[in-house]
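Each remark here refers to the structure printed beneath this line.
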Amino acid sequence: MTTTLRTGLAALVLATAFTASTTSALAWGCIAVSEEGSYGYSYSYDDEGDAREKALTECANRTTEESVCEITECDEND
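No gaps in the numbering here: position 7 of the sequence shown is 24 in our numbering, and each next residue is one more.
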C-alpha cells in the first residue's frame, strides 16, 4: 500500500470516526500507521495521551513485531 493511499485511508477513518461521534464535548482522536501499512485509530477521548495510546495499541495489534507504529495525526474535535 502506498504512503499516499495509507494516509488517505487513515484520514478517512478518522473523519468518519469524528463524524459518528455524538458527544458535544471536545474529544481527542488519533491515527497510528505502521511501516507495513497497518493502522489503528482512536476517537472520543478526553485526553490526548489516552487517544495516542489507544491508536498505537490498535496499530500494534494489527502489525508484525518487526514493524513500528507511529502516530501520524491527532486532532481535538468538538
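All C-beta atoms, glycine included, are put in the ideal place defined by N, C-alpha and C.
DSSP bridge partner residues for residue i (one or two, in chain order)
i: D92; result: G46
i: S51; result: C86
Distance between residue j and residue i (C-alpha atoms, nearest Å)
i: R79; j: A44; result: 24 Å
i: E83; j: R69; result: 20 Å
i: G63; j: I88; result: Sequence check: residue 63 is Asp here, not Gly. D63 and I88: Cα-Cα distance of roughly 17 Å.
i: N94; j: E65; result: 11 Å
i: E53; j: Y60; result: 23 Å
i: G104; j: D67; result: Only positions 18 to 95 of the chain appear in the structure, and residue 104 is not among them; the question remains open.
The alpha helix (DSSP H) enclosing residue i, as first and last residue numbers
i: G66; result: 65-78
Cβ shell of residue i (< 6 Å), same chain only, five flanking positions each side left out
i: L73; result: A49, C86
N- and C-terminal bounds of the beta strand (DSSP E) containing residue i
i: S59; result: 56-62
Cutoff 8 Å; reference residue i; Cβ partners in own chain excluding five residues on either side
i: C76; result: A49, V50, S51, S55, Y56, G57, C86
Contact set for residue i: own chain, Cβ-Cβ below 7 Å, skip 5 residues either direction
i: T81; result: E53
i: K71; result: S59, Y62
Residue-chain proximity (residue i, chain D), Cβ-Cβ < 9 Å
i: L73; result: Here chain D cannot be found, since the structure has a single protein chain.
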